[in-house]
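See structure below.
Okay, here's the thing in structure tokens:
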């Protein structure tokens, strides 16, 4: 059993305090003492340590979830258990099978073999230069002393068996990480971390940014482990409810509540837990679209040119898309990864080669050529705000750059000399930037802060303020909340709906989160393999889907109907 007692760990700008919990180890599942009708979860009991005001005795669970907002200490705790981070000050105890893990020189032998960890971003964790087969088989080399009896052929057979178990074809062994989709990369990490059959598997946000079908497959895969205790770290309470038996709630480095799934979801005690559950109730769109048509696509498509030596070929990423966006309307775009959602957005912006007809306010737009008026009226908010914001610019400079005319931006950014703006111009720009920040609920104190000092929600607000700088009529929202925890997601959605009501903005919202689409979109289009499968009013499509594919997307949602009544 993994035991943590009175753990205190201080880092440069964060502190874990009074952490007490137990993670059980599943043993002897194959013995005939278990009745045929009894599940493996029923044969094991736990005694999860409680805070000083809680009872120390309760049922053990082999599927445990740690939930909380971003920055609550979930990932730091997991990395501390594995010795991946070094605090400046630490006290308390972390024990595994009776041995202390703190300052233990044998921690590298335990890490991966007995306690495995799947990081939040699988692609960044994989070596981009090595094949999948080489990286997974490397686990046997790292723990050679325990697996020296296995021959090379036996290791390969075990690899094949593990890949089959996680639902991957054997041809993936020869591929490099950059050729994998998000779901495939996550399965590869699960295969790598489970091939040695660890006693505990810690999964850090394993379903973030994955579409509904892939989320369901990953959860089913993790639930299938009967001889490994799984600790799921997540900010998504819908995912947690579908997976875990026991839930631990963290806030600002402390465990503030824990209990069984049924108790946490029906009778939460801590106000913070109630706030997390309340974030599942997303705000609903209340505006009515106007009759004015802003954007229309007819048989629209996107293609890429593939060049090889002296030959070139065209690959269609999207085709036969027809839609109409009116002023004040929110239009949702859904589909699995690789279905063409982002290609559609880039095609509309003129950042990729297109065919078919694209019209803005009844004016036809040529492929790859968008005039300044169009660029000012159609802006995009990207999925990852930290990737989209210049790390060398403060918030003032980020938004000021957007206010500059297109022709003068290069001189503003480059080291070449450029005319110094007049005091009147500077004062007007500062006033405009303050107003934009106020519109996205940020005060003047953020003017001279840099992106790395912002939270995810704050950075996304800055990205929205920058997009609003040109007074656009259309905002393209590319997964605007997928990188945010549920409470921050709700705040951002409320902000977007408020801005739409105030400025009659039109949204094109790309999201794998069907709950977000259902909450804020009037109409929706479903894409699959670069083609439009179904479109119509959001309520009609969600309640009466016509295509089997749309129905499979809706059926894959892990939302439990009881969540909507909490």
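Numbering (the UniProt record's numbering), first residue to last: 1 to 566. All C-beta atoms in this analysis are idealised placements derived from N, C-alpha and C, irrespective of residue type, glycine included.
- Under the DSSP assignment, residue 96 falls in the beta strand (DSSP E) whose first and last residues are 89-96.
- Pairwise C-beta distances place the stretch 384-404 in contact with the stretch 445-452, as three or more of them are shorter than 8 Å.
- Secondary structure remark: continuous beta strand (DSSP E) runs of at least 3 residues inside the stretch 329-403, in chain order: 330-334, 353-360 and 378-381.
- Here residue 534 is bridged, per DSSP, to 526.
- Short of 6 Å from the beta carbon of residue 535, and not among the five residues preceding or following it, lie these beta carbons of its own chain, in chain order: 525.
- The beta carbon of residue 533 lies closer than 6 Å to those of 526, 547 and 549 in the same chain, with the five residues before and after it left out.
- If the five residues before and after residue 253 are omitted, its C-beta is found closer than 6 Å to the C-beta atoms of 15, 16, 17 and 73, all from its own chain and listed in chain order.
- Counting C-beta pairs with one atom in each stretch, the stretch 151-161 and the stretch 132-141 have three or more that are closer than 8 Å, which means they touch.
- Per DSSP, the unbroken beta strand (DSSP E) holding residue 301 starts and ends at 293-308.
- Here residue 439 carries a helix assignment [DSSP, helix/strand/coil].
- Its chain contains 209, 478, 479, 480, 482 and 483 as the residues whose beta carbon lies nearer than 8 Å to that of residue 383, once the 5 sequence neighbours on both sides are disregarded; these appear in chain order.
- Here residue 127 carries a coil assignment [DSSP, helix/strand/coil].
- Relative to residue 291, the option among 299, 256 and 329 whose CA is nearest is 329.
- Distance from the Cα of residue 83 is smallest, within the candidate group 444, 109 and 422, for 109.
- Counting along the chain, residue 510 sits inside the beta strand (DSSP E) bounded by residues 506-510.
- Put simply, of 503, 23, 465 and 500 the residue whose alpha carbon is nearest the alpha carbon of residue 228 is 23.
- Comparing alpha-carbon positions, the option among 282, 284, 388 and 249 lying closest to residue 269 turns out to be 249.
- Collapsing the DSSP output to three states places residue 104 in coil.
- From the listed residues 134, 191 and 180, the smallest Cα separation to residue 162 is found for 191.
- By the Cβ rule, the stretch 261-278 does not count as touching the stretch 510-520, because fewer than three pairs are nearer than 8 Å.
- Taken atom to atom, the span from the alpha-carbon of residue 326 to that of residue 344 is near 17 Å.
- Rounded to whole angstroms, the gap between the alpha carbons of residue 316 and residue 337 is 16 Å.
- Looking at the DSSP output, residue 192 sits in no beta bridge, so it has no partner there.
- Distance from residue 225 to residue 196 at the Cβ level is roughly 13 Å; contact not present, criterion being Cβ atoms closer than 8 Å.
- Residue 331 holds the alpha-carbon nearest to the alpha-carbon of residue 541 among 213, 107 and 331.
- Contact between residue 230 and residue 63 holds: CB atoms are separated by about 5 Å, below the 8 Å threshold.
- Residue 91 has its alpha-carbon roughly 9 Å from the corresponding atom of residue 5.
- Residue 432 and residue 423 have their alpha carbons spaced roughly 14 Å apart.
- By the 16-neighbour rule on beta-carbons within 10 angstroms, residue 119 is buried.
- Annotation for residue 346: 302 and 352 place their beta carbon closer than 8 Å to its own, counting only its chain and skipping 5 residues before and after.
- Within the same chain, and ignoring the five residues on either side of residue 335 in sequence, the residues whose Cβ sits closer than 7 Å to its Cβ are 341, 526, 527 and 528.
- Assigned with DSSP and collapsed to three states, residue 320 falls in strand.
- Short of 6 Å from the beta carbon of residue 296, and not among the five residues preceding or following it, lie these beta carbons of its own chain, in chain order: 324 and 359.
- Residue pairing by DSSP places residue 21 opposite 4 in a beta bridge.
- Taking the Cα positions, residue 66 is about 22 Å away from residue 100.
- For residue 164, the enclosing alpha helix (DSSP H) stretches over residues 152-165.
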